[in-house]
Structures are given as C-alpha cells and as structure tokens.
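Residue numbers (the working numbering): 35 to 284. All C-beta atoms, glycine included, are put in the ideal place defined by N, C-alpha and C.
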C-alpha cells in the first residue's frame with residue numbers, strides 16, 4: 035500500500051481507545067486520525083475524514099454501534115468496519131450479520147488485532163487487484179486512466195490540475211486544463227491516484243493536486259495557477275507537511 039491507512043476509533047471507553055492506539059502504533063501503514071466517544075461524534079468524523087478503517091464499539095451511549103452501522107450502510111459508506119464488544123454472545127445474531135467486515139472481542143489482544151490487520155490487508159489486495167491499474171509512458175508525461183464507463187482515456191500529466199472526491203456520488207473526478215472533468219472508475223481510490231505519478235499529492239480527504247500547479251499554500255486551502263485558480267482546494271492539517279516538502283523540493 036502506497037499510503038497510510040486512515041483509522042477512526044469509536045468507543046466510549048477512553049482507556050480502551052488509548053490501548054488500541056498503542057497497539058496500532060506498531061503498524062507503520064496505519065494512522066489513527068480520529069477518536070470519538072459517541073456514535074454521533076464518530077459519524078461526524080467519518081463524514082469529515084473518510085477513514086479507510088473504522089473500529090466501532092457496539093455499546094455506545096447515544097445509539098448502539100449496530101444502529102450506527104445501519105446508518106453507514108444506508109449511506110453506502112466506503113469504509114472497512116471492525117466491530118468490537120466484550121459481550122459477543124449478546125449481539126451475535128443482531129450485529130454480526132450487517133455488512134461489518136470483521137470483529138474483535140474486548141479486551142483486544144495483540145495477536146487478535148494482528149490477525150484482523152492481516153485480513154484487512156488481504157481485503158485491500160483483492161480490491162486493488164480488480165481495480166483499474168494506471169499505466170504511464172516511459173517519458174512519464176502521459177497517463178492512461180479508466181473512466182466511469184470503463185473506457186481507457188490517455189491524458190498528459192501537464193493537463194491535470196487536481197482530483198476531487200464527490201461524497202454524493204462516492205467517486206473521484208479529475209479536472210483538466212480545458213475546464214472539463216473526467217469521472218474515474220468507481221474502483222479508483224485515493225491510494226491508486228497517488229500512485230499515478232510522484233507529483234500527485236493529497237491535500238484533503240477530498241482533494242489530490244498536481245503539485246506542479248500549486249501557486250500558494252494557505253492556512254486551510256491551496257491556490258493553483260491558472261486555469262485552475264478558481265478551484266477551492268481544501269488543505270487538511272494532516273496533509274500540510276507532505277505538500278510543503280514536495281513544494282519546496284520543486
């Protein structure tokens with residue numbers, strides 16, 4: 035995997051959250067980007083951060099994890115859900131049949147978490163294996179992408195200003211210098227886009243820019259050179275350092 039997997043933990047037990055964070059620190063491809071003690075806080079974090087993995091406790095104060103999972107399923111949420119509880123027997127029929135990807139029993143043991151991480155990696159491998167794979171010419175200036183209609187479109191890297199994620203359609207689009215947009219295949223993830231070219235860098239959960247077009251790095255946004263200067267490119271705190279490093283190198 036070419037980028038760290040974003041993790042959000044939802045649990046009303048702060049000690050349990052901290053323990054899980056300590057265990058996840060042993061995995062360099064995992065990054066805890068958000069923690070919540072209620073289902074509503076967790077749902078808001080999901081909307082804001084678009085995590086790759088959601089650790090979801092079943093027993094929460096405002097609604098159960100099962101109800102939150104139902105809400106995510108209604109939203110067609112693109113997130114890998116690992117549910118956990120200390121009372122598996124009480125929830126076996128109710129919870130673990132609702133499209134969660136995995137589950138763990140509390141307290142979470144290191145060896146059991148390791149198995150869950152391996153299952154997640156295998157899941158991602160299978161997902162990426164069937165996703166469209168980009169190809170770049172030897173000169174590095176041409177890119178072949180797969181569109182939403184499964185057509186192969188060849189474009190110049192220099193034509194690409196940025197990529198944006200549509201939360202409503204749950205799909206990535208690429209903005210070109212002629213003012214047009216290309217909707218990418220549904221199997222295209224942020225990790226795949228970042229692997230297209232070394233100058234593509236993520237600025238926000240919903241934006242990836244071609245750093246060649248970056249004119250200004252602001253506090254919460256990025257300004258691009260014309261013809262992309264009217265685009266409202268958001269900049270998240272967790273992505274600032276990587277963008278600044280690449281910007282300075284150029």
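Nearest-angstrom Cα separation, counted from residue j out to residue i
{"i": "residue 79", "j": "residue 195", "result": "28 Å"}
{"i": "residue 244", "j": "residue 264", "result": "15 Å"}
{"i": "residue 49", "j": "residue 155", "result": "26 Å"}
{"i": "residue 117", "j": "residue 150", "result": "11 Å"}
{"i": "residue 142", "j": "residue 60", "result": "14 Å"}
{"i": "residue 258", "j": "residue 252", "result": "11 Å"}
{"i": "residue 136", "j": "residue 272", "result": "27 Å"}
{"i": "residue 270", "j": "residue 208", "result": "19 Å"}
{"i": "residue 67", "j": "residue 102", "result": "19 Å"}
{"i": "residue 248", "j": "residue 274", "result": "13 Å"}
{"i": "residue 210", "j": "residue 216", "result": "8 Å"}
{"i": "residue 93", "j": "residue 184", "result": "42 Å"}
{"i": "residue 109", "j": "residue 232", "result": "33 Å"}
{"i": "residue 146", "j": "residue 58", "result": "12 Å"}
{"i": "residue 299", "j": "residue 69", "result": "Since the first and last residues shown for the chain are 35 and 284, residue 299 lies out of range."}
{"i": "residue 201", "j": "residue 107", "result": "14 Å"}
{"i": "residue 262", "j": "residue 212", "result": "10 Å"}
{"i": "residue 188", "j": "residue 199", "result": "20 Å"}
{"i": "residue 38", "j": "residue 282", "result": "22 Å"}
{"i": "residue 47", "j": "residue 225", "result": "32 Å"}
Beta-carbon gap between residue i and residue j smaller than 8 Å
{"i": "residue 197", "j": "residue 158", "result": "no"}
{"i": "residue 76", "j": "residue 42", "result": "yes"}
{"i": "residue 56", "j": "residue 85", "result": "no"}
{"i": "residue 280", "j": "residue 240", "result": "no"}
{"i": "residue 140", "j": "residue 119", "result": "yes"}
{"i": "residue 235", "j": "residue 277", "result": "yes"}
{"i": "residue 83", "j": "residue 40", "result": "yes"}
{"i": "residue 266", "j": "residue 254", "result": "no"}
{"i": "residue 138", "j": "residue 182", "result": "no"}
Supposed close pair residue i, residue j - CB separation, criterion 8 Å
{"i": "residue 91", "j": "residue 148", "result": "So it is not a contact: roughly 20 Å between Cβ atoms."}
{"i": "residue 205", "j": "residue 220", "result": "6 Å"}
{"i": "residue 191", "j": "residue 175", "result": "5 Å"}
Buried versus exposed, by CB contacts within 10 Å (16 or more), residue i
{"i": "residue 180", "result": "buried"}
{"i": "residue 35", "result": "With a pLDDT of 39 at residue 35, under the threshold of 50, the modelled position of that residue is not reliable, and no figure is offered here."}
{"i": "residue 64", "result": "buried"}
{"i": "residue 111", "result": "buried"}
{"i": "residue 173", "result": "Here the model assigns residue 173 a pLDDT of 43, short of 50, so the residue's position is not dependable and the matter cannot be decided."}
{"i": "residue 230", "result": "buried"}
{"i": "residue 169", "result": "In this prediction, residue 169 has a pLDDT of 42, which is less than 50 and means its spatial position is unreliable; what the coordinates show is noted afterwards. Flag for residue 169 reads exposed."}
{"i": "residue 52", "result": "exposed"}
{"i": "residue 237", "result": "buried"}
{"i": "residue 87", "result": "buried"}
{"i": "residue 223", "result": "buried"}
Proximity test, residue i beta-carbon vs the ligand SAM heavy atom, cut-off 7 Å
{"i": "residue 91", "result": "This structure simply doesn't include the ligand SAM, nor any ligand for that matter."}
*Inspect the CB distances between the segment 87 to 98 and the segment 66 to 75 and report whether three or more fall short of 8 Å.*
Yes, they touch.
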